[in-house]
Every structure is written in C-alpha cells, then in structure tokens.
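For the sequence shown, the tail end lands on 156 under the working numbering, and the numbers increase by one without skipping.
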Amino acid sequence: LFYVIFQKEFELSYSQISWLILINFAAQIFIDFTSVKLISKIGYRISIVFAHVFAAAGLILLGILPRLLSHHFAGLVIPVIIYAIGSGLIEVLVSPIIEGLPLSNKSGEMAFLHSFYCWGQATVVLISTFAIKFIGEGNWIYLPMLWAIIPIINMFAFMKVPI
C-alpha cells in the first residue's frame, strides 16, 4: 500500500522500491546476527526497550523525513533502517523472553506468539487500507506516526514487567 503511494508521491522507480525492501530485510538480518553479544552484555530489558525505541522512532521518522528531505529516497531509507533495527531486535528478543516465562504450555504459547506476526500484518494492512481511504493518500504521513503508538506503549510496558 505505502509503496504505491511512495511511487506516486516521490516518483520512485520499481528499483528504488525494491531497494527499500532489500534494505529493510538486510538491516533486520544484520541485527539478528550481530545483536546477540550486545544483548548478553546489556541484558534483555534494556535491549527490548531500545528495540521499541528504534521501532517507534523509525515509524515517526517515516512520516516526517521523506517530505522534509529534498532527496526523498534518502528520507525513506533512513527511517526504514531505523525501524528495521527495532524490528530485528524485537524478533531476536521476544522468543527468549516468552521462553523464560513460567508457563505450563511453552510450545503452545510460542506457536501463539508466532501466529501474531500473521495476525498483526493482516490487521495493519486492513486498518491502513481503510485509513488511507478515509483520510486520503496525501495524509499517509500520519499513519506510521499513529502506528508508532504501539511500540511506544510496549516500550513503557517492558520498562516495568518482570523479565
């Protein structure tokens, strides 16, 4: 949905859209491989809180930078890298955090956790599609900023919950 809007508003080529996807994926994979040592040094709580800070910051910047910077593609790449760092860290951290909980049915809870990726993706696409239809394509910048509320809430929750 957003790639179509980016293509129209910022006159991005298919190649640039593909680069955004690749950069997101590469940043997440890089974080997956490189974060383990850092996480073991600083701990799960600080890591998961900062993961949500990166996710929220990336989403907020996605609504600001593309129109602010004269080079619109750079204005998209920067937030993509930032939220990819956050989502990569979240991906690395959530499974061990759930695994560490005193649950009777850990395998069931892990399956439930992993199903939320699909449900979350479908929900975000559905709500974003209706929101764009309601507020108009020109106001897309508010959507990532609104979606940033979720990692912000999670950030505060992870500051308090026992880990």
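Where a beta carbon is used, it is the ideal one built from N, C-alpha and C, also for glycine.
Burial state of Q114 (16 or more Cβ within 10 Å) = Here Q114 is exposed, its C-beta having fewer than 16 other C-beta atoms within 10 Å.
Backbone secondary structure at I41 - three-state DSSP = Looking at I41 - three-state DSSP - the assignment turns out to be helix.
Residues in its own chain within less than 8 Å of R38 by CB, not counting five upstream and five downstream?
-> Cβ within range, chain order: F151, M152 and I156.
Can you have a look at I35 and say buried or exposed, based on whether 16 or more other CB atoms are within 10 angstroms of its CB?
-> Only exposed fits I35, as fewer than 16 other CB atoms lie within 10 angstroms of its CB.
Over what stretch of residues does the alpha helix (DSSP H) that includes I145 continue unbroken?
-> Note, I145: alpha helix (DSSP H), I142 to K153.
What three-state label does DSSP hand L62 in the structure shown?
-> L62 falls in the coil class under three-state DSSP.
Count the other C-beta atoms from every protein chain shown that fall within 10 angstroms of the C-beta of A104, then say buried if there are 16 or more, exposed otherwise.
-> If you draw a 10 Å sphere on the C-beta of A104, you find fewer than 16 other C-beta atoms in it, and that means exposed.
How about the segment 11 to 21 and the segment 71 to 80: do they share at least three Cβ pairs that are nearer than 8 Å?
-> Here the segment 11 to 21 lies against the segment 71 to 80, with 3 or more beta-carbon pairs under 8 Å apart.
Element boundaries [alpha helix (DSSP H), containing E2] | E2: member of the alpha helix (DSSP H) spanning F(-5) to F3, first to last residue.
Taking all protein chains shown into account, do 16 or more other C-beta atoms lie within 10 angstroms of the C-beta of V118, making it buried, or fewer, making it exposed?
-> Counting C-beta atoms within 10 angstroms of its own C-beta, V118 has fewer than 16 neighbours from the protein chains shown and is therefore classed as exposed.
Note down the Cα distance separating V85 from A44, rounded to an integer number of angstroms.
-> For V85 and A44, the distance between alpha carbons rounds to 10 Å.
In three-state DSSP terms, what is P137?
-> In the three-state reduction of the DSSP assignment, P137 falls in the helix class.
Output the boundary residues of the alpha helix (DSSP H) element that contains L31.
-> Where L31 is concerned, the enclosing alpha helix (DSSP H) starts and stops at Y7 to I35.
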